[in-house]
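The block underneath contains the structure these notes are about, expressed in structure tokens.
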Amino acid sequence: MIDTLNKTFAIPSLGEKSSYAEQQNYKKVSGSRFRCAHKIEYIPIYRCEFPKRKRGIVVTYKNLHFSRQLSLKRMLQSKETFYFCPMRKKNKRQHFENVEVVDAGAKGKTVGKAPDGRVIFITNTVPGDIVDVRTTKKRKAYFEGVATTFHSLSDKRVEPECQHFGVCGGCKWQNMGYEHQLFYKQKEVENNLKRIGHLELPDISSIIGSKKQYFYRNKMEFSFSDSRWLTLDEINSDNTITEKNALGFHIPGMWDKILDIEKCHLQKDPSNAIRLETRKFAIANDISFFNTRNQYGMLRTLMIRTTSTGEIMVLVQFFENDEEKRKLLLDHLSNTFPEITSLLYVINSKQNDTIYDQEVICHSGRDHIFEEMEGLQFKINAKSFYQTNSEQAYELYKVTRNFADLTGEELVYDLYTGTGTIAQFVAKKAKKVVGIEAVPEAIADAKENAKNNSIENAEFFTGDMKNVFNKDFIAAHGVPDVIITDPPRDGMHKDVVAQILKIAPKKIVYVSCNSATQARDLELMKDMYRVTKVQPVDMFPQTHHVENVVLLEKL
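Following full-length UniProt numbering, the residues of the sequence shown are numbered contiguously, the last one being 555.
Okay, here's the thing in structure tokens:
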């Protein structure tokens, strides 16, 4: 960090991260010259014109996907007519001096202003900093850039807790005081609802902050890679780098590079110990790490889930099925960490590492763990969605229940119900609750959870929301008085919104992890509903993400 402000300082930023890539000898992949020429005019030329054509490529067909760049010797022996693609002109990088960072922006970036008034989205800065900026992208209405020199530091800054901050892309606001994080999250919610949703808003309640700013997550996923991201110290040292394996997080913008994590401040112990021991044992026993680019290697991902009751789930995802090495690793984890409640594995040879269509196999213990909340018990399996901050999830669900303001006479629909957490949380105050979810395993857990919690007035159904939530379903189960919806980040499908408007329930409680898509959906409903309550909840300290709950009441 910077020790004094008596002179100009340059501190680590994405600008230096770019130099990392250069020093690690990144090469352009085959076809990159074609991509540079993409969407450019194809000019027919003859062989005699080859020497006259500069700054471009000669191809055989107009479609770059089916074409190839030929050597001059090969082309002279080939057909008579070809096509010339001029290279696109690269945007020149610009430098702006003494830019004041005035606000927090999208995706954890901050906002400054260029001399011509255009917005600059800047990485790794804090509102109040005064910096020099080098642009990395130029658009019609804005620039993107990195800070190259810091002239003055904001009083909103704090010392980051994590040694990986600035390289790991997980906690982009660790350098900002928590009270300021809450301020900008609340501001983002209000701006999105007004700017995107064009909504008339009541006074927005103060954001509910998290008591824990670190070690609050109950689920973490780490990736294995045989292509470890080198730190600046390693690059500058004279030591020979022999260890290329890593277990950690992806470098932002680099799908095939993994930052090896020594300590993560997001999940409580024994998460760090399990991860470090897994890496150590795998390296010592020659169990190969995954190569994303060429799709080979045995170890692919590691997922760790914990609960407030002390239960632990560990899932190891393998790409290659070597039974001897797989059993060796899993037995070692089981013996070293007897506190693991559920030790699972998946053999996944797909190109992507999602497990929703894969068989999850139990190596030892149970195939699930339990979380508890307000006397209710929730079963969580490897594929289940459950809010990643258990303590703040309780606050979120209390807000949802209070907004619904049930009397015991209402039929409630819980859309995107997951494992039925919200549905069961409100069931005691409702006449009946109907939950809908796309993931069959989650619905199976929801039904079992309801049975274990002695909840008899909740039913759960599986299917894609836009297909299941239709007039036939409503005719079969009744028109709801209240709808609670908690969709994924993309928000609700337009057909779901249209169906809600057709049945026109008295109240809608919209829970969202993305206030931008929430605002988009609310705009579609503003002719029939008015926003009467808004309550942001901070589920993700040290990041720019924020949950928001909105109550809509029929006009």
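Built from N, CA and C at the ideal position, the CB exists for glycine as well. Owing to the predicted nature of the structure, the values given are computational and were not obtained by experimental measurement.
Residue nearest to residue 555 within the set 501, 159 and 517 is 501 (criterion: CA-CA distance).
The way I'd put it, the region 280-298 does touch the region 227-245; three or more beta-carbon pairs between them come closer than 8 Å.
Counting only runs that start and end inside the region 178-244, the alpha helix (DSSP H) elements of at least 4 residues fall at 178-195 and 232-236. Secondary structure in the region 128-182: no alpha helix (DSSP H) run of 4 residues or longer lies completely within the stretch. A distance below 8 Å between beta-carbons, with the five flanking residues on each side excluded, links residue 318 to the following residues of its chain, in chain order: 298, 299, 300, 326, 345, 346, 347 and 348.
Taken in chain order, the complete alpha helix (DSSP H) segments of 4 or more residues contained in the region 314-381 are 323-336. Residue nearest to residue 518 within the set 120, 465, 236 and 494 is 494 (criterion: CA-CA distance). With a cutoff of 9 Å on beta-carbon distance, residue 414 and residue 486 are scored as near each other. DSSP places residue 249 within a strand segment (E or B) once states are collapsed to three. A Cβ-Cβ separation of about 11 Å leaves residue 143 out of contact with residue 115 under the 8 Å criterion. Between residue 365 and residue 340 the beta-carbon gap is near 6 Å, inside 8 Å, which marks them as a contact. Judged by pairs of C-beta atoms under 8 Å, the region 122-140 does not touch the region 217-228, as fewer than three such pairs exist. Here residue 503 is not bridged, per DSSP, to any residue. Annotated as proximal: residue 531 and residue 202, with beta-carbon spacing under 9 Å. Going by C-alpha positions, residue 514 is about 43 Å away from residue 237. A contact between stretches requires three or more CB pairs, one per stretch, nearer than 8 Å, and the region 431-439 meets this requirement with the region 458-473. Residue 503 and residue 482 have their C-alpha atoms roughly 11 Å apart. Excluding sequence positions up to five before and after residue 241, its CB lies within less than 8 Å of the CB of 230 and 234, all in the same chain and listed in chain order. Nearest neighbour of residue 268 by Cα position, chosen from 473, 363, 422 and 304, turns out to be 304. In chain order, 168, 171, 174, 263, 264 and 265 place their CB closer than 8 Å to the CB of residue 162, counting only its own chain and leaving out the 5 sequence neighbours on each side.
Counting C-beta atoms within 10 angstroms of its own C-beta, residue 296 has fewer than 16 neighbours from the protein chains shown and is therefore classed as exposed. In terms of Cβ geometry, residue 509 and residue 403 form a close pair [threshold 9 Å].
Bounds of the beta strand (DSSP E) holding residue 548 are 547-554. In the three-state scheme derived from DSSP, where H, G and I count as helix and E and B as strand, residue 536 is classed as strand. Per the C-alpha coordinates, the member of 125, 533 and 449 positioned closest to residue 370 is 449.
For residue 278, the uninterrupted alpha helix (DSSP H) segment begins and ends at 271-284. Look at residue 108 here: in three-state DSSP terms it is helix. For the pair residue 197 and residue 520, the CB atoms are nearer than the 9 Å cut-off. DSSP places residue 484 within a strand segment (E or B) once states are collapsed to three. Contact between residue 363 and residue 330 holds: their C-beta atoms lie close to 5 Å from each other, under 8 Å. The three-state reading of DSSP puts residue 287 in coil, since its state is none of H, G, I, E or B.
In the three-state DSSP reduction, residue 511 falls in the strand class (E or B). Residues of the same chain with a CB within less than 8 Å of the CB of residue 459, apart from the 5 flanking positions on each side, are 432, 433, 434, 435 and 477 in chain order. Ranked by how close their Cα comes to the Cα of residue 526, the residues 353, 551 and 291 have 551 in first place.
A Cβ-Cβ distance of about 16 Å is found for the pair residue 484 and residue 443, leaving them out of contact under the 8 Å criterion.
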